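Peer 1: Each position in the sequence shown, counted from 1, maps to that position plus 47 in the working numbering.
Just so you know, even glycine gets a beta-carbon here, dropped at the ideal spot from N, CA and C.
Note that the structure is predicted; figures quoted are calculated from it, not measured.
Sharing a structure below in structure tokens format, with a few things to ask.
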Amino acid sequence: LPLYLGMTSQNEKLVIDLARMPHLLIGGASGQGKTNLLNCIIGGLARLLPPEQLRFVLFDPKCVEFIQYAALPHLALPVVTDGCKFVHVLRWLADELEKRLKEFTGAVCRNIETYREAGNQMPYIIVVIDEIVDLMANCGKEVEPLITRLAALARAVGIHLVIATQVADHKVLSAIFRCNIPGRIAFRTRSRLESRMIIGVPDADALCAPGDMLV
Numbered sequence: 048l049p050l051y052l053g054m055t056s057q058n059e060k061l062v063i064d065l066a067r068m069p070h071l072l073i074g075g076a077s078g079q080g081k082t083n084l085l086n087c088i089i090g091g092l093a094r095l096l097p098p099e100q101l102r103f104v105l106f107d108p109k110c111v112e113f114i115q116y117a118a119l120p121h122l123a124l125p126v127v128t129d130g131c132k133f134v135h136v137l138r139w140l141a142d143e144l145e146k147r148l149k150e151f152t153g154a155v156c157r158n159i160e161t162y163r164e165a166g167n168q169m170p171y172i173i174v175v176i177d178e179i180v181d182l183m184a185n186c187g188k189e190v191e192p193l194i195t196r197l198a199a200l201a202r203a204v205g206i207h208l209v210i211a212t213q214v215a216d217h218k219v220l221s222a223i224f225r226c227n228i229p230g231r232i233a234f235r236t237r238s239r240l241e242s243r244m245i246i247g248v249p250d251a252d253a254l255c256a257p258g259d260m261l262v
């Protein structure tokens, strides 16, 4: 699941494999490039892989960022804009996780790669959440354990999380939450503390322009 992120400071192309990460947290202040990056991820993967191999679950609580994907054939579900449906969709993903684990057990396969190599069809599922703080504010107590379980176990079954937030504090990004999402990208943050919350170092507050990021 290759993601092209742009050019490094050494002027080299930077491509990362979401399947190996296996989840990604994207943070930074408003207007610094988070949503543009999400669109690049969605568009890039949709061009590389057909719907039989890749499905998206898109959460758009602002109701404006992902509306252009309504007709995308890769959607596993319609774009989710209603916060009340957020928990239900996460539960559906948790059920899909259990279903896939049982299928692997029956086929004596360890993960989605060996399952597909044996000739079985099973698409990757990329879960993209734009601005998780809005969703956590409304149903955080139900959301966090579901996302934590998905983050901990979903790699083997081909379910990967890409989560964006412009608010980086312990209420949104608890330690348990962050330790299960090792892949991090920080655009310019409003403070050194927010930078530490996202990537573990206080450097993202000094980035120069929108689009600059630390990975």
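From Glu-42 to Ile-194, what distance separates their C-alpha atoms?
Peer 2: Any question about residue 42 goes unanswered here, given that the chain covers just 48 to 262.
Peer 1: Hey, quick one: how far does the beta strand (DSSP E) through Ala-233 stretch, first residue to last?
Peer 2: As a first step, residue 233 must be located in the sequence shown, where it is residue number 186. First-last of the beta strand (DSSP E) with Ala-233: 230-233.
Peer 1: Between the alpha carbons of Lys-188 and Leu-182, how many angstroms are there, rounded?
Peer 2: Locating residue 188 in the sequence shown gives position 141, where the first residue counts as 1. Locating residue 182 in the sequence shown gives position 135, where the first residue counts as 1. Those two C-alpha atoms are separated by around 11 Å.
Peer 1: What are the boundary residues of the alpha helix (DSSP H) that Asp-142 is part of?
Peer 2: The residue labelled residue 142 in the question sits at position 95 within the sequence shown. Start and end: 130-154.
Peer 1: Here's a check: name, in chain order, each residue in its chain whose Cβ is nearer than 6 Å to the Cβ of Thr-55, leaving out the five neighbours to either side.
Peer 2: Counting from 1 along the sequence shown, the entry for residue 55 is found at position 8. Excluding positions up to five away in sequence, the list reads Leu-61.
Peer 1: Reducing DSSP to helix, strand and coil, say where Lys-60 ends up.
Peer 2: Against the sequence shown, residue 60 aligns to sequence position 13. Annotated three-state conformation of Lys-60 is strand, per DSSP.
Peer 1: Helix, strand or coil, according to DSSP, for Gly-75 in the structure here?
Peer 2: For the purposes of this step, residue 75 is taken as residue 28 along the sequence shown, with counting starting at 1. Here Gly-75 sits in coil by DSSP.
Peer 1: Contact between the stretch 234-243 and the stretch 101-109 is defined here as three or more beta-carbon pairs at a separation below 8 Å; is this criterion met?
Peer 2: no
Peer 1: DSSP on Met-54, reduced to helix/strand/coil?
Peer 2: Reading the sequence shown from its first residue, position 7 is the one you call residue 54. Looking at Met-54 - three-state DSSP - the assignment turns out to be strand.
Peer 1: Closer than 6 Å by C-beta to Met-260: which residues in its own chain qualify, once you throw out the five before and the five after it? Chain order, please.
Peer 2: By 1-based counting over the sequence shown, the position of residue 260 is 213. Closer than 6 Å at the Cβ level, and outside the excluded window around Met-260, lie Ile-232, Phe-234.
Peer 1: Taking Ala-117 as the reference, give the member of Cys-110, Gly-80, Pro-125 with the closest Cα.
Peer 2: Position 70 of the sequence shown, counted from the start, is the residue given in the question as residue 117. The option with the nearest alpha carbon to Ala-117 is Pro-125.
Peer 1: Looking at Ile-245 and Ala-198, is the spacing between their C-beta atoms short of 9 Å?
Peer 2: What you label residue 198 is simply residue 151 of the sequence shown in a count that begins at 1. What you label residue 245 is simply residue 198 of the sequence shown in a count that begins at 1. No.
Peer 1: Hey, quick one: how far does the beta strand (DSSP E) through Arg-102 stretch, first residue to last?
Peer 2: Reading the sequence shown from its first residue, position 55 is the one you call residue 102. Here the beta strand (DSSP E) through Arg-102 covers 101-106.
Peer 1: How would you call Asp-177, buried or exposed, if buried means at least 16 neighbouring beta carbons within 10 angstroms?
Peer 2: To locate residue 177, count along the sequence shown from 1; it is residue 130. Per the 10 Å Cβ criterion, buried.
Peer 1: Measuring only the C-alpha atoms, how far is Asp-250 from Ile-89?
Peer 2: In the sequence shown, the residue the question calls residue 250 occupies position 203. In the sequence shown, the residue the question calls residue 89 occupies position 42. For Asp-250 and Ile-89, the distance between alpha carbons rounds to 27 Å.
Peer 1: Starting from Leu-208, trace the beta strand (DSSP E) in both directions and tell me its first and last residue.
Peer 2: The residue you call residue 208 lines up with position 161 of the sequence shown. Where Leu-208 is concerned, the enclosing beta strand (DSSP E) stretches over 206-212.
Peer 1: From Leu-6 to Leu-92, what does the alpha carbon distance come to, in whole angstroms?
Peer 2: Absent from the structure is residue 6, since the part of the chain shown begins at 48 and ends at 262.
Peer 1: Just to confirm, does Ile-172 get its C-beta within under 8 Å of one of the non-hydrogen atoms of the ligand ATP?
Peer 2: Only the bare structure without any ligand can be found here, which leaves the ligand ATP out of the picture.
Peer 1: So which of Gly-205, Gly-78, Met-169 has the shortest CA-CA distance to Asp-64?
Peer 2: Here residue 64 refers to the residue found at position 17 of the sequence shown. With distances taken between Cα atoms, Asp-64 lies closest to Gly-205.
Peer 1: By the DSSP assignment, the alpha helix (DSSP H) with Ile-246 in it spans what residues?
Peer 2: Taking the first residue of the sequence shown as 1, we reach residue 246 at position 199. Taken as a continuous stretch (DSSP letters only), the alpha helix (DSSP H) holding Ile-246 covers 239-246.
Peer 1: Where do the N-terminal and C-terminal ends of the beta strand (DSSP E) with Tyr-171 fall, by residue?
Peer 2: Position 124 of the sequence shown, counting from 1, holds the residue named residue 171. Segment 171-176, the beta strand (DSSP E) holding Tyr-171.
Peer 1: Compute the beta-carbon to beta-carbon distance between Ala-76 and Thr-212, rounded to the nearest angstrom, for a pair I have assumed lies under 8 Å.
Peer 2: By one-based count along the sequence shown, residue 76 stands at place 29. By one-based count along the sequence shown, residue 212 stands at place 165. Not confirmed; about 11 Å, so no contact.
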